[in-house]
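Following my numbering, the numbering of the sequence shown begins with 1228 at its first residue and continues without gaps. Beta carbons: idealized from backbone N, C-alpha and C, even for Gly. What you are looking at is a predicted structure, and each value in this text was computed from that prediction instead of being measured. Okay, so here's the structure we're looking at.
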Amino acid sequence: MNVADLAIEAQMKAEQDHESRNVFAIEGTKLVIHKRTKINHFTQIYELDKEKITDGRSGPKHCMVSLRNPGCLDGLVLTTSMPTAQGQMHLVETRQLLDKGHVHAQELHLSNLTTGARCVTKRTWVRVAVTPLDQESVLQEMNLQP
């Protein structure tokens, strides 16, 4: 995908050396994803099943989040399309809870629609309890805290 090997190695090392936290919260049709890692520190907010268009470096970024199974909160699918310097990219990210909710699995299917290049990444995490700081941050983002 034309991603520098050094950047991939840096991401992997950061994930090994520093705790990564991803907190997901759904309230009605609103999804908040709170990411805290060595490299990333941000919050994303989506309306389920509604396209969200934001400005990207190379043009508009189109995203949509849906539950894997309607009415079931054990998985989601995030679809992203955007232009890049290497071509039109399309990403399908699937996240699912496994082992009675103790394991979080992520699968990333990245395609360059211009060149036809494809890449699949699979990762799993053992889930841990949400910290009070994470919970407070998510509630603030969802406007559920006074």
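### Query
For M1365, which of helix, strand or coil comes out of DSSP?
Locating residue 1365 in the sequence shown gives position 138, where the first residue counts as 1. Before going on, a small fix: residue 1365 reads as Val here, not Met. In this structure, V1365 counts as helix in the three-state DSSP scheme.
### Message
Pairs of beta-carbons, one from the stretch 1334 to 1350 and one from the stretch 1278 to 1286, closer than 8 Å: are there three or more?
### Response
no
### Query
Does DSSP put Q1243 in a helix, a strand or coil?
The residue given as residue 1243 occupies position 16 in the sequence shown. Helix.
### Task
Would you please state the rounded distance, in angstroms, between the beta carbons of H1261 and D1361? I believe it to be under 8 Å.
As a working mapping, residue 1261 is identified with position 34 in the sequence shown. As a working mapping, residue 1361 is identified with position 134 in the sequence shown. Right, the Cβ-Cβ distance comes to about 6 Å (below 8 Å), so this counts as a contact.
### Query
So what's P1297 in DSSP terms, helix, strand or just coil?
Your numbering for residue 1297 matches position 70 in the sequence shown. In the structure shown, P1297 sits in coil (DSSP, three-state: anything other than H, G, I, E or B).
### Query
Just the Cα atoms here: how many angstroms apart are G1343 and L1318?
Sequence index remark: in the sequence shown, residue 1343 carries index 116 (1-based). Sequence index remark: in the sequence shown, residue 1318 carries index 91 (1-based). Approximately 13 Å, taken between the alpha carbons.
### Alpha-carbon spacing of K1240 relative to I1266, whole angstroms
If you number the sequence shown from 1, residue 1240 lands on position 13. If you number the sequence shown from 1, residue 1266 lands on position 39. Using only the alpha carbons, I get a separation of about 10 Å.
### Message
Using only the alpha-carbon positions, how far apart do V1333 and V1250 sit?
### Response
Residue numbering aside, residue 1333 sits at position 106 when the sequence shown is read from its first letter. Residue numbering aside, residue 1250 sits at position 23 when the sequence shown is read from its first letter. Checking the sequence shown, residue 1333 turns out to be Gln, not Val. If you take the alpha carbons of Q1333 and V1250, they lie about 14 Å apart.
### Task
Please go through the same chain and pick out, in chain order, the residues whose beta-carbon is closer than 6 Å to the beta-carbon of P1359, but skip the five residues on each side of it.
The count along the sequence shown starts at 1 and reaches residue 1359 at position 132. Correct list: empty, nothing qualifies.
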